[in-house]
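J.:
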Amino acid sequence: MSRTAVISIILTAGLIGCAPAPEVKKERPKVTRTSFGNTPEGTEVSLYTLKNSNGIEVGIINYGGIVVSLKTPDKTGHFADIVLGFGSLDGYLKEHPYFGALIGRYGNRIGGARFTLGGKEYKLAVNNGPNSLHGGVKGFDKKTWDAVVDNNSNSLILTYTSADMEEGYPGTLETEVKYTLTEDNELRIDYKATTDKETVVNLTNHSYFNLAGQGNGDILKHSIQIMSEKTTPVDATLIPTGELKDVAGTPFDFTAPHAIGERIDDAKDEQIKFGGGYDHNFAVDGQMGTLRPAARVTEPTTGRVLEVQTTEPGIQFYTGNFLDGTFPGKGGKVYKKRYGFCLETQHYPDSPNKPQFPTTALKPGGTYASTTIYRFPAPAR
Ligand code: GLA
192 MSRTAVISII
202 LTAGLIGCAP
212 APEVKKERPK
222 VTRTSFGNTP
232 EGTEVSLYTL
242 KNSNGIEVGI
252 INYGGIVVSL
262 KTPDKTGHFA
272 DIVLGFGSLD
282 GYLKEHPYFG
292 ALIGRYGNRI
302 GGARFTLGGK
312 EYKLAVNNGP
322 NSLHGGVKGF
332 DKKTWDAVVD
342 NNSNSLILTY
352 TSADMEEGYP
362 GTLETEVKYT
372 LTEDNELRID
382 YKATTDKETV
392 VNLTNHSYFN
402 LAGQGNGDIL
412 KHSIQIMSEK
422 TTPVDATLIP
432 TGELKDVAGT
442 PFDFTAPHAI
452 GERIDDAKDE
462 QIKFGGGYDH
472 NFAVDGQMGT
482 LRPAARVTEP
492 TTGRVLEVQT
502 TEPGIQFYTG
512 NFLDGTFPGK
522 GGKVYKKRYG
532 FCLETQHYPD
542 SPNKPQFPTT
552 ALKPGGTYAS
562 TTIYRFPAPA
572 R
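Count along the sequence shown starting at 1, add 191, and that's the number in the numbering used here.
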C-alpha cells in the first residue's frame, strides 16, 4: 500500500471517529386505507390518508378523487383541517359545489355548451346558464376511480377511463391523477391523459381552502398574491370575451399582496359584478409547461401560508361567492358566502371555442401532462 493510501485511510478513520451522530430520520407513516362507505350502486369507496414526518395529513377518497381533509399546523403548532367538505360520503353523493374534487374532462366553462373539433360539432350538457360547466352532469368529480398506493413516493395514483362520447366528449380518455405528499410539505398533483380520438382536456382540482380552519369564518382577511399581469375578462355568463386584460389599476391587481376582501365588492368594476366577487381566470406569468409560482396566500391570525405552483397557463381564483350556508359541513360547520377560496390551475375557460388561447386539444399519440403543487411552508410567526 502506498504512503498516501495509508494516510488517507487514517484521515478517513479519524473523520468517522469524530463525525456527529447521524440525524435520526423520523420514519414517514405509510399511506392508510379505510372504508368511506358505498355508492348507491354498491361500490365501496376508500379513504386514503397520506401523512408526512412533519405531521401534515391529507385524506383523499377514490370517489371523485376528492380531497376530503387536509391538516396543517398554525404558528403555535396547532393542526386544523383547512379544506371545506363533508364528514361522510352522503354529502359528496348529493349535488354540491365540487368540494375538493377532481374536475374533468373539461374544467370550467364551455360557452353555449358546444364546440367544434376537426370540423365536427360536439354538444355538451347545459348545466350553468347557457354554458357547460366542469365536465357536464356527471363529470370526473362523480366517478369512482381505481386507486393504487405507492408508499415509496407517498402517493395515491387514481385512474379513470372516460368512454368515447361520455358527456358528449369524443375519444376514450385514459386519465391518471397522482397525489403525492412530500416531506417538503407539498401536496403535488400530477395529471396525465391519453386518447384514441382527438378530444379536449382540461383537468383541475376544486379544493376550497380556509387557512383559518374550515368553517372558521370568511376568507376576506386572507391576503393573496397572484403572479399574473393579465386576466381573461368574461361576459355576464362568465365566458371569456377572448381578450387578455392588464390587471394594473383594477381590483384584479394582485401582483403585490392584497386582502381578498379589500376590493371584492368594488361596485364600479363590471368584472367584479359579473362574478359576484372573484370568479376569474388569471394568466399565470412565465412559460406554460414549466412549473412556476402562481399564487401565495397568507392568513394573519394563524400564520398559515399556501403557495401554489403550476405548469398550467391559468388559474381560476374563485372566492366561494355562491356558498350560502346550505351545506352541512364537517364537524357541524356551515359554509356561508366566501367561507372558502379556490385556486383552480387550468387552461383558460372556453378554450375549445377560442383559437387565440393555448389549445386544450389532445390527439391520439399525444399525452396531456400537467403538474400543480399546493405547498404549506412553515407558518409565519
Ligand atoms: C367554479 C366556477 C364557479 C362556480 C364554482 C362552483 O369555480 O368558476 O363559478 O361554478 O365552480 O360553485
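Backbone N, C-alpha and C define an ideal beta-carbon position, used for all residues, glycine too. Model, not experiment: these values are computed from the prediction.
Just to confirm before moving on: does the CB-CB distance between V392 and F306 stay below 9 Å?
T.: The residue you call residue 392 lines up with position 201 of the sequence shown. The residue you call residue 306 lines up with position 115 of the sequence shown. Result no, Cβ atoms of V392 and F306 do not sit closer than 9 Å.
J.: What three-state label does DSSP hand K333 in the structure shown?
T.: In the sequence shown, counting from the first residue as 1, residue 333 sits at position 142. DSSP places K333 in helix when its eight states are reduced to three.
J.: Name the residue from H269, Y297, T234 whose alpha carbon lies nearest to the alpha carbon of T335.
T.: As a working mapping, residue 335 is identified with position 144 in the sequence shown. Cα-wise, what sits closest to T335 is T234.
J.: According to the Cβ coordinates, are T446 and G295 closer than 9 Å?
T.: Reading the sequence shown from its first residue, position 255 is the one you call residue 446. Reading the sequence shown from its first residue, position 104 is the one you call residue 295. No.
J.: Restricting to Cα atoms, I'd like to know which of P570, F518, T510 is closest to I463.
T.: Counting from one through the sequence shown, the residue named residue 463 turns up at place 272. Considering only alpha carbons, the answer is T510.
J.: In whole angstroms, give me the CA-to-CA distance for E374 and I247.
T.: Reading the sequence shown from its first residue, position 183 is the one you call residue 374. Reading the sequence shown from its first residue, position 56 is the one you call residue 247. C-alpha separation (whole angstroms): 9 Å.
J.: Once the 5 residues before and after S260 are set aside, which same chain residues still bring their CB inside 6 Å of it?
T.: If you number the sequence shown from 1, residue 260 lands on position 69. For S260, where only same-chain residues beyond five positions count, the Cβ hits under 6 Å are G250, D272.
J.: For G505, write down the residues that DSSP places opposite it in a beta bridge.
T.: Counting from one through the sequence shown, the residue named residue 505 turns up at place 314. DSSP output for G505 lists A474, Q537 as bridge partner(s).
J.: Note down the Cα distance separating F508 from L402, rounded to an integer number of angstroms.
T.: Counting from one through the sequence shown, the residue named residue 508 turns up at place 317. Counting from one through the sequence shown, the residue named residue 402 turns up at place 211. Roughly 15 Å separates the two Cα atoms.
J.: Does the ligand GLA have even one heavy atom less than 8 Å from the beta-carbon of Y539?
T.: As a first step, residue 539 is located in the sequence shown; it is residue number 348 there, counting from the start. No, the beta carbon of Y539 sits no closer than 8 Å to any heavy atom of the ligand GLA.
J.: Entirely within the stretch 311-363 and at least 3 residues each: give me those beta strand (DSSP E) ranges in chain order.
T.: Within the stretch 311-363, the complete beta strand (DSSP E) runs of at least 3 residues are 311-314, 337-341, 346-353.
J.: Taking only runs of the beta strand (DSSP E) that begin and end inside the stretch 392-430, which ones reach a length of at least 3 residues, in chain order?
T.: Fully enclosed beta strand (DSSP E) runs of 3 or longer: 414-417.
J.: Output the boundary residues of the beta strand (DSSP E) element that contains G282.
T.: As a working note, residue 282 is residue 91 in the sequence shown. Taken as a continuous stretch (DSSP letters only), G282 belongs to no beta strand (DSSP E), being part of the alpha helix (DSSP H) at 280-284.
J.: I want to check one thing, is the minimum distance from the CB of Q507 to the heavy atoms of the ligand GLA below 8 Å?
T.: Counting from 1 along the sequence shown, the entry for residue 507 is found at position 316. Yes, since a heavy atom of the ligand GLA falls inside the 8 Å radius drawn around the Cβ of Q507.
J.: Using a Cβ-Cβ cut-off of 6 Å (strictly less than) and excluding sequence neighbours within five positions of T225, which residues of its own chain qualify?
T.: The residue you call residue 225 lines up with position 34 of the sequence shown. Once the five neighbours on either side are set aside, the close Cβ partners of T225 are L238.
J.: Just curious, the alpha helix (DSSP H) that F465 is in, first and last residue?
T.: Position 274 of the sequence shown holds residue 465. First-last of the alpha helix (DSSP H) with F465: 461-466.
J.: When you compare only the Cα positions, how much space is there between H413 and G522?
T.: Start at 1 with the first residue of the sequence shown, and residue 413 comes out as number 222. Start at 1 with the first residue of the sequence shown, and residue 522 comes out as number 331. Each residue's alpha carbon lies about 22 Å from the other.
J.: Y289: beta carbon under 8 Å from a heavy atom of the ligand GLA?
T.: On the sequence shown, residue 289 is found 98 positions in, with the first residue counted as 1. Correct: Y289 has its Cβ closer than 8 Å to the ligand GLA.
J.: For F513, count neighbouring C-beta atoms within 10 Å of its own C-beta (all shown protein chains included) and say buried if the count is 16 or more, exposed if not.
T.: The residue labelled residue 513 in the question sits at position 322 within the sequence shown. Exposed, by the Cβ-count rule.
J.: With a threshold of 6 Å on Cβ separation, who are the neighbours of I455 within its own chain once the five nearest residues in sequence on each side are excluded?
T.: Locating residue 455 in the sequence shown gives position 264, where the first residue counts as 1. Contacts found: G468.
J.: Find out if the Cβ-Cβ distance for the pair N318, T428 is shorter than 9 Å.
T.: Here residue 318 refers to the residue found at position 127 of the sequence shown. Here residue 428 refers to the residue found at position 237 of the sequence shown. Contact flag unset, no.
J.: Does the ligand GLA have a heavy atom nearer than 8 Å to the CB of R300?
T.: For the purposes of this step, residue 300 is taken as residue 109 along the sequence shown, with counting starting at 1. Yes, the beta carbon of R300 sits closer than 8 Å to at least one heavy atom of the ligand GLA.
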